[in-house]
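1401 is the number that my numbering gives the last residue of the sequence shown; the numbers go up by one with no jumps.
To start, the structure under review is shown below, and the notes come after it.
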Amino acid sequence: MTPLPEDRSGRGRLAVIRRPARSVVSLAFARSPLRLLTPANHGHAAWVYTSSYGGGLVDGDAIDVHATVGAGACAFVSTQASTKVYRSPRGTRVTLRAEVDNDGLLVVAPDPVVCFARSRYHQTQRFDLAERAGLVLLDWISSGRRESGERWAFDEYVSRTTVRHTDRRLVHEALSLRASDGDLATRLGDYDVLAVAVIVGTPLAGDARRILTRVKHETTARPPGQLVAAAPVGDAGCVLRVAGRSVEDVGSTLLGFLDFVPARLGDNPWARKW
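Given below as structure tokens:
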């Protein structure tokens, strides 16, 4: 991919710490085109929403965010809306690095990435967890502007995620979709949404086991054309995969499996979702 110009880079720095009654954002710095919003909520976790000026990523955008969650702190990080990736011959890039200290919890649950026709998107995520830290991560992509006749019409989508626990690599997840490897719409058939959720860490071991058991013994009817699978990660985590035909259906399924998250946050960030 062609090197990206420095003047299109947006950098962010986020830190969440624990106060006696709740978690608070102690640092939130962003350079255009990135923005960080920190709305109030009724729970004990700190909420942070990312957005970009113009409502999406344009050719040459490079976003780099570094986040830390302190001991005993809890943070929810999401997006204001879906991440739109506009036509980008040179490409766009997003990098997220995060460290979570003992007894801390980080929930990263953005809306899906929507790649427009002829766009290029590279995403790299790395999470470093202390021994008693927890992570919930949602990473998903839709086929594009389906209502405009675009389905999997982008040039390239690459996402790489690494989770390390006490300096040992626990998860390495990668998805590469390139039009140069063959027509994407043909290869992906009827599927319009691909999603992965990672639930890892000692504080979430019970939640991960319940997800694995539920997927194994699921008898509830799923929306037509939806696939759900899950695999264990060590003895305190799992990776959940969902493929489906609409953001609404896949989102509803994901939130059903992640129904433990609102209690962990003390409030429900998805109360008005799907």
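The beta-carbon is built from N, C-alpha and C at its ideal position, and this holds for glycine as well.
Sequence-distant residues of the same chain with beta carbon closer than 6 Å to residue i, five excluded per side
| i | result |
| --- | --- |
| His-1171 | Arg-1149, Gly-1393 |
| Arg-1245 | Arg-1214, Asp-1282 |
| Ala-1157 | Gly-1139, Leu-1163 |
| Ala-1370 | Tyr-1318, Leu-1321, Leu-1354 |
| Leu-1315 | Trp-1279 |
| Cys-1365 | Ile-1326, Ala-1335, Ile-1338, Leu-1339, Ala-1357, Pro-1359 |
| Cys-1201 | Ser-1150, Ala-1172, Leu-1232 |
| His-1169 | Asp-1394 |
| Glu-1226 | Thr-1195, Asp-1255 |
| Ala-1332 | Ala-1363 |
| Leu-1382 | Trp-1397 |
| Leu-1184 | Val-1212, Thr-1219 |
| Trp-1174 | Pro-1166, Asn-1168, Phe-1203 |
| Ala-1306 | Asp-1282 |
| Ile-1190 | Gly-1137, Leu-1161, Val-1221 |
DSSP three-state assignment for residue i, whether helix, strand or coil
| i | result |
| --- | --- |
| Gly-1378 | helix |
| Phe-1203 | strand |
| Pro-1389 | helix |
| Ala-1198 | coil |
| Ala-1335 | helix |
| Gly-1383 | helix |
| His-1171 | coil |
| Arg-1399 | coil |
| Arg-1145 | strand |
| Pro-1359 | strand |
| Arg-1162 | strand |
| Val-1185 | coil |
| Arg-1368 | strand |
| Thr-1340 | helix |
| Thr-1347 | coil |
| Leu-1131 | Any reading at Leu-1131 needs caution, since the residue's pLDDT is 47, under 50, leaving its predicted position unreliable; the model's value is listed next. DSSP places Leu-1131 in coil when its eight states are reduced to three. |
| Ala-1157 | strand |
Supposed close pair residue i, residue j - CB separation, criterion 8 Å
| i | j | result |
| --- | --- | --- |
| Tyr-1176 | Thr-1206 | 6 Å |
| Glu-1300 | Val-1325 | 7 Å |
| Val-1342 | Ala-1357 | 4 Å |
| Val-1241 | Ser-1269 | 5 Å |
| Val-1323 | Asp-1386 | Wrong, their Cβ atoms sit about 18 Å apart, outside the cutoff. |
| Gly-1137 | Ser-1179 | 7 Å |
| Val-1221 | Phe-1254 | With a Cβ gap of about 15 Å, Val-1221 and Phe-1254 do not count as contacting. |
| Arg-1296 | Thr-1251 | Their Cβ separation, rounded to whole angstroms, is 15 Å, which puts Arg-1296 and Thr-1251 out of contact at 8 Å. |
| Asp-1186 | Arg-1217 | 5 Å |
| His-1193 | Arg-1224 | 5 Å |
| Ala-1142 | Leu-1154 | 4 Å |
| Val-1285 | His-1249 | 5 Å |
| Val-1418 | Val-1263 | This structure cannot settle anything about residue 1418, because the visible part of the chain is limited to 1128 through 1401. |
Cβ neighbours of residue i in the same chain (closer than 8 Å, five flanking residues each side left out)
| i | result |
| --- | --- |
| Thr-1293 | Leu-1256, Ala-1257, Glu-1258 |
| Pro-1351 | Arg-1372 |
| Asp-1230 | Ala-1198, Gly-1199, Arg-1259, Ala-1260, Pro-1330 |
| Glu-1133 | Low per-residue confidence applies at Glu-1133: pLDDT is 48, beneath 50, and the placement is therefore not dependable, though the value from the model is reported in the following sentence. Cβ neighbours of Glu-1133 beyond the five flanking positions: none. |
| Phe-1243 | Lys-1211, Val-1212, Tyr-1213, Arg-1214, Gly-1271, Arg-1272, Glu-1277, Ala-1280, Phe-1281 |
| Val-1377 | Trp-1267, Val-1320, Ala-1322, Gln-1353, Val-1369, Ala-1370, Gly-1371 |
Sequence-distant residues of its chain with Cβ nearer than 7 Å to residue i (five each side left out)
| i | result |
| --- | --- |
| Gly-1182 | Lys-1211 |
| Arg-1273 | Asp-1319 |
| Leu-1311 | Trp-1279, Leu-1304 |
| Gly-1361 | Leu-1297 |
Whole runs of the alpha helix (DSSP H) within the stretch 1257-1324, excluding any shorter than 4 residues
1311-1315
Could you tell me which whole beta strand (DSSP E) segments of length 3 or greater appear in the stretch 1211-1244?
1219-1227, 1232-1235, 1240-1242
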